[in-house]
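When we follow this note's numbering, the leftmost residue of the sequence shown carries the number 514, and every step to the right adds one.
Virtual Cβ for every residue (Gly too), placed ideally from N, Cα, C.
Here the structure is a predicted model, which means the values were calculated and not measured.
All remarks here apply to the structure that follows.
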Amino acid sequence: PSLKAALTVDSEARVQDASEMKSLIPNEKELAKQEILTETKTSFGSKDVEGMLDQAMKFVETEQWQRLLNLMTALEQRSPSLSAIADLRKTAKAGLAAIQDAQLQLERTQQRETERKAKIEADRRNARLQTAQKAARRKVLLTRYKSLGIEWCELPVGEFSYGNDRANHTIETAYAISKAPVTNEQYQAFIDANEGYPVPKHWDAKLRMFPANLHQHPVVNVSWHDAEAFCHWAHCRLPTEVEWERAARGTDGRNYPWGAQEPSFKHCNFSNKYQSTTPVGSFSPTGDSPSGCVDMAGNVWEWCLDWFSTNKTTRVLRGGSWSNNAPHVRSTYRHYGLPAKRDLGLVGFRVVLNADF
C-alpha cells in the first residue's frame with residue numbers, strides 16, 4: 514500500500530508543483546486525481562491509494578514541507594525509481610528554503626529593529642548627557658560671570674529698523690549682550706588668569722595692574738585681538754554690528770539709545786566734557802537703551818565682530834567715545850580701527866552670549 518501511495522504522490526506531483534496545485538480549480542484538480550488513481554490501479558490496484566493521496570495533498574496544501582520531505586525519503590528507500598519522489602522532494606526543499614528565508618528575513622528585520630531601538634536609546638542617553646553637561650557648563654559660566662560682575666541684557670528674535678535708512682532687518686537668533694562695556698576690573702581677571710599676556714599700555718606693566726580708582730571704568734588701549742582673547746577666555750564673543758545696533762536702538766529706529774533727543778551731558782560722556790572715561794552706568798537710566806544697556810553712546814568706542822573694509826584690513830567700531838561730538842555717538846554711526854592696534858585710548862568692547870550657550 515505504501516508503494517501505491519508513493520505512485521499516487523508521484524502522479525499528483527506531475528500534475529502541478531506545490532504552489533500551482535493549490536490554485537487549480539476544483540474540476541481540474543478532480544481530473545488530475547482521477548488520472549493518478551487510474552495509473553496506480555493499473556500497477557498496484559486501488560486499495561488505500563486514495564487515502565494516501567489525500568494525505569500527501571494535505572502536506573502540500575498545508576505547506577508541511579518537512580513531513581513531505583520525510584515521506585519522500587521513506588519512499589525512496591523502498592522504490593528509488595519513482596520520478597515523483599525527486600519532484601516532490603524538490604518542492605519540499607523549496608518550501609523549506611522559503612520558510613528558512615522568511616525566518617532569516619524576519620530575524621534580520623528584528624535585528625534591524627533592535628539596532629534601531631538601541632540607537633534611539635543611545636541617542637537619548639547622549640542627548641541627556643549633553644543636556645546635563647551643557648547645564649553644568651552653563652552653571653559654571655554663570656558663576657564666573659557673576660563673580661566678574663557681568664550683567665546681561667537679553668534680545669529676542671525679530672525685526673528692527675537698521676542703519677540710517679531704517680531698513681527692516683531680522684534678528685534670527687536670540688542672544689544676550691553685556692549690560693556695560695568690559696571694565697578694568699573685569700579685564701584684570703583675564704590678565705591674572707593668563708600670565709605673560711600683555712597689559713594695556715596705561716596699566717602698571719610691572720605690577721600688571723590697572724590704575725587706581727579706575728576699576729569701574731571701561732578698559733581701553735585694547736586691540737580687537739585682545740578683545741577676542743578675553744572672549745575666548747570667558748566663553749563668549751564680540752557682538753556683530755547688527756547685534757550691537759539692535760541692542761543700542763531697539764526696534765523703532767531711534768537715533769540714540771534714549772530716543773530722538775539730541776545728546777546732553779545727562780545722557781552720556783561725549784564731547785570732551787570729562788576729558789576721559791567715566792565709570793560704566795554713570796548716565797543710567799537716562800542714557801539707557803531700550804534693551805537696558807548702558808554707555809552705548811559715548812564713553813568708549815566698542816569693537817564689533819565684523820570687518821569694516823572690503824579688503825579685510827579694519828574692523829568695525831560703534832558707539833562713539835568721550836571725545837566725540839553728537840553725530841559720532843548716534844546709534845547708526847560706523848567707525849573703524851586696525852585690529853592689531855593697541856594704543857587706542859578711546860576704544861573698549863562689550864561681549865555677547867548666544868541664547869543657548
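- With respect to the C-alpha of S804, the residue from H738, E741, F821 and A761 having the closest C-alpha is A761.
- Boundaries of the beta strand (DSSP E) around R831: R828 to R831.
- Distances from the alpha-carbon of T827 to those of R863, R843, G850 and D808 put G850 closest.
- Taking a C-beta distance under 8 Å as the contact criterion, F743 and V813 do not qualify as a contact pair.
- Put simply, the backbone Cα of N838 is about 38 Å away from that of L654.
- In the three-state reduction of the DSSP assignment, W757 falls in the helix class, which pools H, G and I.
- Closest by C-alpha distance to A607, out of T764, E620, R843 and E576, is E576.
- Under DSSP, no beta-bridge partner is assigned to D869.
- By the 16-neighbour rule on beta-carbons within 10 angstroms, D856 is exposed.
- Annotated three-state conformation of L668 is strand, per DSSP.
- Measuring C-alpha to C-alpha distances from W820 to each of W737, F673, D765 and A599 identifies W737 as the nearest.
- Under the 8 Å Cβ criterion, the stretch 668-683 counts as touching the stretch 760-776, having at least three qualifying pairs.
- Annotation for Y700: the continuous alpha helix (DSSP H) segment containing it runs N697 to A706.
- Where W737 is concerned, the enclosing alpha helix (DSSP H) starts and stops at W737 to A747.
- DSSP places E576 outside both helix and strand once states are collapsed to three, so it counts as coil.
- Taking a C-beta distance under 8 Å as the contact criterion, F723 and Q701 qualify as a contact pair.
- Residues of the same chain with a CB within less than 7 Å of the CB of A740, apart from the 5 flanking positions on each side, are L751, W816 and F862 in chain order.
- Taking C-alpha positions only, V573 is separated from Q613 by approximately 17 Å.
- Counting C-beta pairs closer than 8 Å gives three or more between the stretch 830-848 and the stretch 774-789, which meets the contact rule.
- Here M722 carries a strand assignment [DSSP, helix/strand/coil].
- In the assembly as shown, H730 is a buried residue. Its beta-carbon has 16 or more other beta-carbons within 10 Å.
- Following the DSSP letters along the chain, one finds W814 inside the beta strand (DSSP E) bounded by residues W814 to W820.
- The shortest CA-to-CA distance from H728 to any of G662, A645 and C666 is the one to G662.
- Remark: C-beta atoms of V735 and V860 approach each other more closely than 8 Å.
- If you check the CB distance, N768 and R843 come in under 8 Å.
- Between G858 and V732, the C-beta spacing is not below 8 Å.
- Of the candidates F870, H848, G800 and W757, G800 places its Cα closest to the Cα of S777.
- Only residues of its own chain outside the window of five on either side were considered, and among them G833 have a CB closer than 7 Å to the CB of H841, listed in chain order.
- For I690, the pairing in a beta bridge is given by DSSP as C666 and V865.
- Between N583 and the set K652, R721, H780 and A605, the nearest pair of CA atoms involves A605.
- Distance check between E775 and each of C806, R638 and G811 places G811 closest, using alpha-carbon atoms only.
- The distance from the Cβ of A689 to that of V865 is about 7 Å, consistent with a contact at the 8 Å cut-off.
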